[in-house]
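Okay, structure first, notes after.
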Amino acid sequence: MPKLKIPNIEDVVAIDIHTHAEEPCGMHGDDGYDDFQAQMAEYFKSPNKHPPTVPETAAYYRAKKIAAVIFPVDAERETGFRRYNNYEMLEVAAENSDVLIPFVSIDPHKGKL
């Protein structure tokens, strides 16, 4: 398990407490995830056709001097799209611990991960 640190509160101006980490890059293959994200972008009128990667999210918040509580979106049971597992979330947050605070979870309908 990666060694976790939290951002230095003196270095940030705010903390976003609700930041999504979408499906890991390169993991969805041709399962319809890109089409799903394009439809979401159209529905929410987003200029982006795909959500940012976790490193892109970290860079965005770093540039704004904002920390973020980041968590995987677990809609796998409903959509079939793979999410970051808890260990992956901890790893990717540890790589960006100057701005990211990991939050992990378990879907009680899926049971133990």
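Under the numbering used here, the residues of the sequence shown are numbered 16 to 128, in order.
Even glycine gets a Cβ: it sits at the ideal position worked out from N, Cα and C.
Proximity to residue i [Cα-Cα], best of the options
i, options, result
"A29", "R97, A82, A53, Y48", "A82"
"T94", "E57, T34, G47, E25", "G47"
"L105", "R77, P117, T34", "P117"
Close beta carbons around residue i, own chain, < 6 Å, minus the five adjacent residues each side
i, result
"N111", "A73"
Spatial distance of residue i from residue j (CA atoms)
i, j, result
"G41", "D49", "The predicted model places G41 with a pLDDT of 49, which falls under 50 and marks its position as unreliable; any figure quoted below should be read in that light. Roughly 11 Å separates the two Cα atoms."
"P22", "Y102", "19 Å"
"K79", "V27", "8 Å"
"I24", "D122", "31 Å"
"S61", "T34", "16 Å"
"D113", "V107", "12 Å"
"K58", "F96", "Strictly speaking, residue 58 in this sequence is Tyr, with Lys absent from that position. Their backbone Cα atoms lie some 19 Å apart in a straight line."
Close beta carbons around residue i, own chain, < 8 Å, minus the five adjacent residues each side
i, result
"K18", "A109"
"S120", "F86, P87, D89, N101"
"Y75", "P67"
"D31", "Y76, I81, A82, A83, V84"
Expected contact under 8 Å - CB spacing of residue i and residue j to nearest Å
i, j, result
"H124", "R98", "Their Cβ separation, rounded to whole angstroms, is 14 Å, which puts H124 and R98 out of contact at 8 Å."
"Q52", "K64", "7 Å"
"A36", "V69", "5 Å"
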